[in-house]
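Asker: If you read the sequence shown in our numbering, its first letter stands for residue 1, the second for the next number, and so on. Idealized CB from N, CA, C, for every residue including glycine. Take this structure first; my questions come after.
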Amino acid sequence: TYFTAITTWVFLGLTFLMPVIIKTPVFNHYLIAPAYWEGIKIIPLVLGGYLFYGFYINFMLAPVLTKRTRVLMWITLLGAASSILTNLTLVPLVGIIGAGWAIFISYVVMACSLFIFLQKNYPINYEYKKLGFIGAVVITFLFLNNFLNNNLTWQIILLIIYPLIISLVLDKNNFLRIRQLILKRRKR
């Protein structure tokens with residue numbers, strides 16, 4: 001749960017700020033030449049894929065502990081096949097965005113496949129409600145960012161608010177302390 005909270009915050013930070021970092025000249029030089037800025041739009045998809053790859057790495061516990069690591073080869077091949085299929089399908093239609101989706105989809109397929117194996121062979125009870133809430137906050141923030149036209153000020157505000165919201169969910173004591181503070185102020 002904490003891994004998800006931290007990596008999704010990094011995901012949001014990089015998604016919001018990488019275009020600014022890339023397009024800001026430092027000593028009259030850009031981090032990436034303007035000719036390649038077309039690729040900036042796939043950053044969220046690639047980062048999202050890497051987020052799911054992080055989940056995949058966490059789920060590797062089951063094949064290692066059950067000494068059934070051969071499944072990793074098959075899941076990796078499944079991910080490669082989904083990447084190739086998605087690239088062949090989407091790149092001719094939408095260009096570089098299709099390649100971004102291929103990366104994202106392949107890592108989602110790998111993570112979900114390994115998660116299914118994990119739960120069948122070495123069940124772990126994750127905090128699904130908290131993880132779902134974190135996912136909902138991330139998706140909400142991504143939609144808010146688009147609604148607010150990628151405004152840097154709002155992006156920074158969202159990045160500051162995110163850990164505050166998540167800390168309330170991860171630790172009930174934080175929520176109770178804030179609630180007590182609010183109730184004390186109302187009594188005055």
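If you draw a straight line from the alpha carbon of P19 to that of W9, how long is it in whole angstroms?
Answerer: 16 Å
Asker: Whose C-beta lies closer than 8 Å to the C-beta of I22 among residues of the same chain, with five residues either side of it excluded?
Answerer: Y30, L31, I32, W37, I40
Asker: Are the CB atoms of F143 and V108 nearer to each other than 8 Å?
Answerer: Cβ distance not < 8 Å, so F143 and V108 don't count as in contact.
Asker: Spatial neighbours of L78 within its chain, please: CB distance less than 8 Å, with the 5 preceding and 5 following residues excluded, ordered by chain position.
Answerer: V109, M110, S113
Asker: Name the two residues that bound the continuous alpha helix (DSSP H) containing F59.
Answerer: Per DSSP, F59 belongs to the alpha helix (DSSP H) from 43-59.
Asker: With a threshold of 16 other CB atoms inside 10 Å of the CB of I42, please say whether the residue is buried or exposed.
Answerer: buried
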